[in-house]
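Some notes on the structure that comes next.
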Amino acid sequence: MSAAACSASKALKSFRISQLKNLKQHVIHNGPLPTPTKPLDPAAPHRLPNPFIPHRNPITGRWAPAKVSLRRQADLVKRARESNTLYLLPPGPKAPRPSTLTPAEASAEAHKRFGGLPDKKLETRHSKVLEQCWMNPVEWVGEPKVKEVAGAELGTRLYAAKKRMFKGHRWERVKEARDSKKSILMRDMARRVRNYKAYYQKRKPNPLKASSTTKARKLPF
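Residue numbers (full-length UniProt numbering): 1 to 221.
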């Protein structure tokens, strides 16, 4: 295992252990976990609140923000991809569907890779037990609301259903029309200059020619 993958695995391990330790504090501050709407998976004995999404306190009705910031989530997803351990992360905005494995399959894969004791009972009070059971199957409570955007699978969700990829600066948008107008003006420039000079040449007064006006000049006194 490379140094980067080893560091990423340690980050995932630390994240899982911290979530297992903080379950009691979560229940104290945010109330009990909501009642499951579907039958519990017997292979996943531990239910943990998803730290990547907000949670509503069933007693007070107030919403608590996600425990893990979006920046930290992006970093964890990046590290999980480096170590090929996305199945250890809960679903979130940065990875709505991190893995297709069930909790039991993800736990078996983690035990195969990191060792540990699959049948060991989890006790959050003992750090040594957590070191051996942090990869046990976990059911994350809460799913992120994913907004389906056209073009997301192609990596173009930012510009989906738009006429142009990037509007550009104003000078870039008007450059084509300006160049077209400039080319037309330069094409006829010689004729325009000739007409301009001839026009003023005809209007220039001739001092030897008699005045064409019939009105008498007014004297200044």
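All C-beta atoms in this analysis are idealised placements derived from N, C-alpha and C, irrespective of residue type, glycine included. These numbers come from a predicted model, not from an experiment.
Just the C-alpha distance for residue i and residue j, rounded to the nearest angstrom, thanks.
i       : j       : result
Gly-61  : Val-68  : 21 angstroms
Arg-192 : Glu-148 : 59 angstroms
Glu-109 : Leu-20  : 19 angstroms
Lys-163 : Leu-89  : 37 angstroms
Val-146 : Trp-171 : 38 angstroms
Ala-11  : Arg-71  : 14 angstroms
Ser-63  : Ala-106 : Ser is not the amino acid found at residue 63; the sequence shown has Trp there. Distance between the alpha carbons of Trp-63 and Ala-106: 30 angstroms.
Ala-198 : Arg-173 : 38 angstroms
Asp-188 : Gln-201 : 20 angstroms
Glu-176 : Gly-168 : 13 angstroms
Leu-208 : Thr-214 : 17 angstroms
Ser-212 : Pro-205 : 11 angstroms
Pro-58  : Val-77  : 30 angstroms
Arg-178 : Phe-166 : 20 angstroms
Leu-101 : Arg-79  : 19 angstroms
Asn-195 : Arg-203 : 12 angstroms
Lys-112 : Ile-28  : 35 angstroms
Taking its Cβ as the centre, do 16 or more other Cβ atoms sit within 10 Å of residue i, making it buried, or is it exposed?
i           : result
Asn-136     : buried
Ser-9       : buried
Gly-142     : buried
Lys-94      : buried
residue 246 : Residue numbering for the chain in the displayed model covers 1 to 221; residue 246 lies beyond these limits and cannot be assessed.
Leu-185     : exposed
His-26      : buried
Less than 7 angstroms between the C-beta atoms of residue i and residue j, yes or no?
i           : j       : result
Phe-52      : Ala-66  : yes
Pro-103     : Glu-139 : yes
Gly-92      : Pro-144 : yes
His-55      : Asn-30  : yes
Leu-33      : Arg-16  : no
residue 289 : Lys-24  : Because residue 289 is not part of the residues shown, which for the chain are 1 to 221, the question remains open.
Since residue i sits in a beta bridge, which residues does DSSP pair it with?
i       : result
Trp-140 : Leu-48
Gly-92  : Ala-95
Trp-63  : Arg-56
Discussion item. Pairs of beta-carbons, one from the segment 72 to 86 and one from the segment 2 to 12, closer than 8 angstroms: are there three or more?
Written reply: yes
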